[in-house]
Structures are given as C-alpha cells and as structure tokens.
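Once you know that position 419 of the sequence shown is 443 in the working numbering, the rest is easy, because the numbers rise by one and skip nothing. A virtual CB, placed ideally from N, CA and C, is assigned to each residue, including glycine.
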Amino acid sequence: MRKSQNVDMLNGPLLKSILLYAFPLMFSGILQLLFNAADMVVVGRFTGPQALAAVGSTTSLINLLVNLFIGISVGTNVLVARYVGARDEAGVTETVHTSVMVAAVTGFVLIFVGFFLSEPMLTLMGTPEDVIQQSVLYMRIYFAGMPAIMVYNFGAAILRAIGDTKRPLYFLTLSGVVNVVLNLIFVICFHMGVAGVALATIISQAISAYLVLLTLHQTEGICQLRKEQLKIHSQRLIEMLRVGLPAGVQGCVFSISNVLIQSSINSFGSLAMAGNTAGFNIEAFLVQGSSAFYQSCVSFTSQNLGAGKIKRIKKIVLTCFMCTAVTGIVVGPLATLFGEQLLLIFTDDPEVIRYGIIRMSYMCNTLCLGAVMDVMCGGMRGLGYSVAPMLASLSGACLFRIVWIYTIFQTHHTLETLYLSYPISWTLTFLVHTLCFVWAYHRLKKQSTLVLD
C-alpha cells in the first residue's frame, strides 16, 4: 500500500493525525450529499415544489432500507483497522475480499427490495397523492444503482481503515461533477424530471464505485483485491456481523423513527414537506463534521486496539470529542443566521422557506448535541462493542421520539413540537453513551484480550 496516502494512526501527535484523516472524510461526505442536493436544486428550480417534495419524501425511507447494510460496513472498517494494527495479514486479506462480495450481493438484493416495496411503503407513510407517483419513480430508479452504492461504501470503509481518506475524496469529486452535469442535461434538456435526477445519481455512483475497486486492485500489500480470492469467508463474515449488524439495526430503527416523523410532517401538506426537505439537506451538510470525527474515532480506536496501545485510545476519544463539539457549536448557529439565504438555493417559494426556517432553528442550533453523541458511540464501536451503543441509541433516541410523537405531539400538533424531540433525545443518548464508554474503557484496561459485545 502507498504510505504517502495513509495517515499514521499509531504514532505521532493525535490532533494533527485526526485532522489530516477527518478533513478528507468531511469533504467526501459533503460531495456525496451534493448528489442529493443537486437533485433537490434542479427539481426545485426547474420542475416545481411537488417534484422537490417527491424527492425529499423518499430520504427517510431510502435510509430505512439501506442503513442495515451500510451498518455492516462499520464492521469492515473496525476489523480491517484492528487487523492492520495487529499486523494480521490473513485477517486483513480475508476481510477485504469478504466485504466486497457482501457489498455486491446485498446491492443486488436491494434492487428488488426497492422496486417492490417503494409504493406500498410510501403509501403507508401518507405521501400525498400529488407527490407519490413521482416519489415511487425516483426510488425505483435510485435502487437500480444500489450495487454501486454498496460497493463504494464497503470499499471506502476498507481504505479508511488503512488511513486513506484522500482517494475516496478524489473519486467523489469526479463523480460529483458528473452528477451535476447529468442532472442539468436530463432535466433541462430532456425534461425527465425526477427520473432524470435519479438516473444522474446512479451513474455518478457507479463511477465512484469503479474507481474504489480499481484502487483496491492496484494497491500493493495485504489490502490488495484479487479476483481469484473473491469469496465470503464465513468466520470473517460472522465477525463483521457481530460489530456491523447492531450498527445497521440501530440505523434502521433510527430511520423508522424518522419515517414516523416524516409521516407527521406529511400531514402538514406538500409545502411543509418541501421546506423540511430543503432544511434537512442544509443540516445534512453541517453534520458531515461530526460524521468525519465519528469515523475517525472508530478507525483510530480500532487500529490502536489491535496494536495494544490502550492508553492512546482515551486520548483519541477526547480529541475527537473536542473537535466535533467545537465544529457543531460554530457551524450550527452560523447556518441558522443565514438560513433564508441558504434555503433560497433550493426554492424561492416564501412558504417553503418559512417551513425550512422552522426546522433549521431547532435542528442547527442544537447540532453539537447530536455530534458529541455520535463520537462517544464511535469510541464504543472502535473497541468492538456494538450491541451496547445500539441499545443506548434505540432507547435514548428512537424509542423516545416514537413516544413523543404519540403523546406530546398529539396534544401540541405543531412542527415546532415535532422538531423539539431531536435535541432532547440527543442529550439523553449522549449521557448513556458516555457512561457506556467509561465502563468499557476501564474494563479493557483490566483485560489482556478484547471480548466482543
């Protein structure tokens, strides 16, 4: 493998290494979001509010169907990083080839899941009649590109585990430009509407997936991908699932709570849906800072655990915590301050902008709470504990939001009441994650070997 591409996670000053690792991740996440944001901007500007609402109404449902499998890629990241730290060549090689095969298989399964479940699930969510047919069309085309999306995510997880976050950034830069250009061509020139933006997205994702596979094939050393070694190693798959499956289940249940919230937003009409969609997309860009430090925490913790550098793990989590807290405190209120100008990127409808401002005032100003929650969860996952953070997240965030929807929201039926459930649930979950990490870290110091949760 090329040393110049990889951040050294085991030696040297932590803050510098974490920032070098996290910044490309941050920009990669932003570029990936540009796929969806470009869809929103093009349909909002050139097709109308109903098309914007149609694309936006699919987000929580897509996440629900995809997060289980994306979560398994967390297992790939943790295992590869740990084996690299422990210099276990057989473990790395088998995990790499198992991961790529799992990505391809799950991607093809998701094609059929998306095609057959799109319409009944969107109907169940109460998607308005003036939106639902466009929503179904967007989802079915989007899921046709799911093999590429899965392969990219698993391949990028492998590269992150060895400290390489730069090349995925380069690949997403190229595919992001392709996505924007194809959006404009398909929608403006060929008047394809939501079908055009979905098609542009899957073509650009296919490009980034191909480049990740090419990189792994050309990489020298234990992470090299070889066609003749592509197979699912049962033991590695079990290990991946033990770490990744709880993360995937957590993502799914989070998405279920978000689907319920989306259903509640749908009851306010298509303009509220469009405003929520625009606000959500701005918020998603801001979250990339905390997401980058969460992934940094997972990878750094895993490698140092494999290398037996236990004392360094505590410093890793504290450094990531401070970085993400500062990021959230700065960017969240700043985005709220310029909320109207940011929403104008997506739409010029004053009513849609008003609804978007409502969401941003609640979500962006409390962004740091969700950010520090994620980092503490990342520390647990890096140590190999996945069930404990899953249970903490499900009870502290998901269950709380569901109860909130069926109790508080029913008596105070406003968007403000609905959005208030987020910062409260983030705070509760952060406290539980922190207690879990303190317990796991002290337990680890007393043991010579890791016991997976």
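| query | So the alpha helix (DSSP H) Gly150 belongs to, where does it begin and stop? | reply | For the purposes of this step, residue 150 is identified with residue 126 of the sequence shown, where counting begins at 1. Element bounds for Gly150: n/a, residue is neither H nor E.
| task | Determine the closest residue to Phe51 out of Phe309, Gly403 and His437, with distance taken between C-alpha atoms. | result | On the sequence shown, position 27 is the one that residue 51 refers to. Answer by Cα proximity: Phe309.
| request: Give the range of the alpha helix (DSSP H) segment to which Ala421 is assigned. | output: Within the sequence shown, the letter at position 397 stands for residue 421. Unbroken run through Ala421: none, as it is neither H nor E.
| said: Under 8 Å, with one C-beta from each stretch per pair, do the stretch 250-266 and the stretch 114-130 reach the 3-pair mark? | reply: yes
| message | Measuring only the C-alpha atoms, how far is Tyr386 from Ile285? | response | On the sequence shown, position 362 is the one that residue 386 refers to. On the sequence shown, position 261 is the one that residue 285 refers to. Near 14 Å, if we compare the C-alpha coordinates of Ile285 and Tyr386.
| Reduced DSSP secondary structure (H/G/I, E/B, other) of Ser410 | Walking along the sequence shown from the start, residue 410 turns up at place 386. Coil at Ser410, not helix or strand.
| message | Can you tell me where the alpha helix (DSSP H) holding Asn203 begins and where it ends? | response | Position 179 of the sequence shown, counting from 1, holds the residue named residue 203. That run of the alpha helix (DSSP H) goes Lys190 to Leu208.
| message | Which residue marks the beginning of the alpha helix (DSSP H) containing Leu103, and which one marks its end? | response | Translated into positions along the sequence shown, residue 103 becomes position 79. Unbroken alpha helix (DSSP H) run through Leu103: Thr83 to Gly109.
| Since Ala302 is in the alpha helix (DSSP H), which residue starts that stretch and which ends it? | Mapped onto the sequence shown, residue 302 falls at position 278. Unbroken alpha helix (DSSP H) run through Ala302: Ser294 to Gly330.
| Quick one: Cα of Thr105 to Cα of Ala302, how far? | Locating residue 105 in the sequence shown gives position 81, counting from the first residue. Locating residue 302 in the sequence shown gives position 278, counting from the first residue. The question names Thr, but residue 105 in the sequence shown is Ala. Answer to the nearest angstrom: the Cα atoms are 36 Å apart.
| Beta-carbon proximity list for Tyr166, same chain, < 6 Å, skipping 5 on both sides | Against the sequence shown, residue 166 aligns to sequence position 142. Excluding positions up to five away in sequence, the list reads Ala222.
| task | Tell me whether Ile226 is buried or exposed, calling it buried when 16 or more other Cβ atoms sit within 10 Å of its Cβ. | result | What you label residue 226 is simply residue 202 of the sequence shown in a count that begins at 1. By the neighbour-count rule (16 or more Cβ atoms within 10 Å), Ile226 is buried.
| task | Using alpha carbons as the reference points, say which of Phe140, Ala46 and Phe195 lies closest to Leu237. | result | Residue mapping note: residue 237 aligns to position 213 of the sequence shown, counting from 1. The option with the nearest alpha carbon to Leu237 is Phe195.
| query | Less than 8 Å separating the beta-carbons of Ile377 and Glu440? | reply | In the sequence shown, residue 377 corresponds to position 353, counting from 1. In the sequence shown, residue 440 corresponds to position 416, counting from 1. No; because the gap between Cβ atoms is not below 8 Å, this pair is not in contact.
| query | From Phe362 to Ile369, what does the alpha carbon distance come to, in whole angstroms? | reply | Position 338 of the sequence shown holds residue 362. Position 345 of the sequence shown holds residue 369. If you take the alpha carbons of Phe362 and Ile369, they lie about 12 Å apart.
| field | Range of the contiguous alpha helix (DSSP H) that encloses Leu367 | value | Position 343 of the sequence shown holds residue 367. Where Leu367 is concerned, the enclosing alpha helix (DSSP H) stretches over Gly363 to Leu367.
| In the structure shown, what three-state DSSP assignment does Phe433 receive? | By one-based count along the sequence shown, residue 433 stands at place 409. It is helical.
| request: Given a cut-off of 8 Å, decide if Ser326 and Gly109 are closer than it, judged by their beta-carbon atoms. | output: Within the sequence shown, numbered from 1, the residue matching residue 109 stands at position 85. Within the sequence shown, numbered from 1, the residue matching residue 326 stands at position 302. A contact, by the Cβ cut-off of 8 Å.
| said: Our contact map puts Asn305 next to Met149 with C-beta atoms below 8 Å; I'd like the distance itself, whole angstroms only. | reply: Your numbering for residue 305 matches position 281 in the sequence shown. Your numbering for residue 149 matches position 125 in the sequence shown. So it is not a contact: roughly 19 Å between Cβ atoms.
| Between the C-alpha atoms of Ile182 and Leu295, what's the straight-line distance to the nearest angstrom? | By one-based count along the sequence shown, residue 182 stands at place 158. By one-based count along the sequence shown, residue 295 stands at place 271. In a straight line, the C-alpha of Ile182 is about 41 Å away from that of Leu295.
| said: What does the Cβ neighbour count give for Val355, buried or exposed, with the cut at 16 atoms within 10 Å? | reply: As a first step, residue 355 is located in the sequence shown; it is residue number 331 there, counting from the start. By the 10 Å Cβ count, Val355 comes out buried.
| query | For Gly272 versus Ile94, is the C-beta spacing smaller than 8 Å? | reply | Here residue 272 refers to the residue found at position 248 when the sequence shown is read from its first residue. Here residue 94 refers to the residue found at position 70 when the sequence shown is read from its first residue. Yes, these two residues count as a Cβ contact at 8 Å.
| task | Please classify Arg250: does DSSP put it in a helix, a strand, or coil? | result | Within the sequence shown, the letter at position 226 stands for residue 250. It is coil, neither helix nor strand.
| Are the beta-carbon atoms belonging to Ser449 and Ala412 less than 8 Å from one another? | What you label residue 449 is simply residue 425 of the sequence shown in a count that begins at 1. What you label residue 412 is simply residue 388 of the sequence shown in a count that begins at 1. No, Cβ-Cβ distance for Ser449 and Ala412 is not below 8 Å.
| request: Would you tell me roughly how many angstroms separate the C-alpha atoms of Thr82 and Glu113, rounded to the nearest one? | output: Sequence index remark: in the sequence shown, residue 82 carries index 58 (1-based). Sequence index remark: in the sequence shown, residue 113 carries index 89 (1-based). One C-alpha to the other measures close to 42 Å.
| If you run the structure through DSSP and keep just helix, strand and coil, what is Phe461? | Within the sequence shown, the letter at position 437 stands for residue 461. Reduced to three states, the DSSP call for Phe461 is helix.
| Between the stretch 396-411 and the stretch 454-465, do three or more beta carbon pairs fall short of 8 Å? | yes
| By the 10 Å Cβ neighbour count, where 16 or more other Cβ atoms means buried, how is Thr147 classified, buried or exposed? | Looking up residue 147 in the sequence shown gives position 123. By the 10 Å Cβ count, Thr147 comes out exposed.
| task | Put His257 into one of helix, strand or coil per three-state DSSP. | result | In the sequence shown, residue 257 corresponds to position 233, counting from 1. The answer is coil: DSSP assigns His257 none of H, G, I, E or B.
| message | Quick check on Ser291: buried or exposed, where buried means 16 or more other Cβ atoms within 10 Å of its Cβ? | response | Position 267 of the sequence shown holds residue 291. Ser291 comes out exposed.
| Distance between Leu85 and Ser279 (C-alpha atoms, nearest Å) | For the purposes of this step, residue 279 is identified with residue 255 of the sequence shown, where counting begins at 1. For the purposes of this step, residue 85 is identified with residue 61 of the sequence shown, where counting begins at 1. Answer to the nearest angstrom: the Cα atoms are 7 Å apart.
| query | Residues in its own chain within less than 8 Å of Pro152 by CB, not counting five upstream and five downstream? | reply | The sequence position of residue 152 within the sequence shown is 128, counting from 1. Contacts found: Ala77, Asn290, Gly293, Ser294 and Met297.
| field | Nonlocal neighbours in the same chain, by C-beta distance under 6 Å from Phe47, ignoring five residues either side | value | Within the sequence shown, numbered from 1, the residue matching residue 47 stands at position 23. Closer than 6 Å at the Cβ level, and outside the excluded window around Phe47, lies no residue.
| task | List the endpoints of the continuous alpha helix (DSSP H) containing His241. | result | Position 217 of the sequence shown, counted from the start, is the residue given in the question as residue 241. Gly217 to Gln242 is the extent of the alpha helix (DSSP H) around His241.
| What are the boundary residues of the alpha helix (DSSP H) that includes Phe370? | Here residue 370 refers to the residue found at position 346 of the sequence shown. Premise fails: Phe370 is in no alpha helix (DSSP H) and is neither H nor E.
| field | Pairwise C-alpha distance: Ser315 and Ile54 | value | As a working note, residue 54 is residue 30 in the sequence shown. As a working note, residue 315 is residue 291 in the sequence shown. Distance between the alpha carbons of Ile54 and Ser315: 11 Å.
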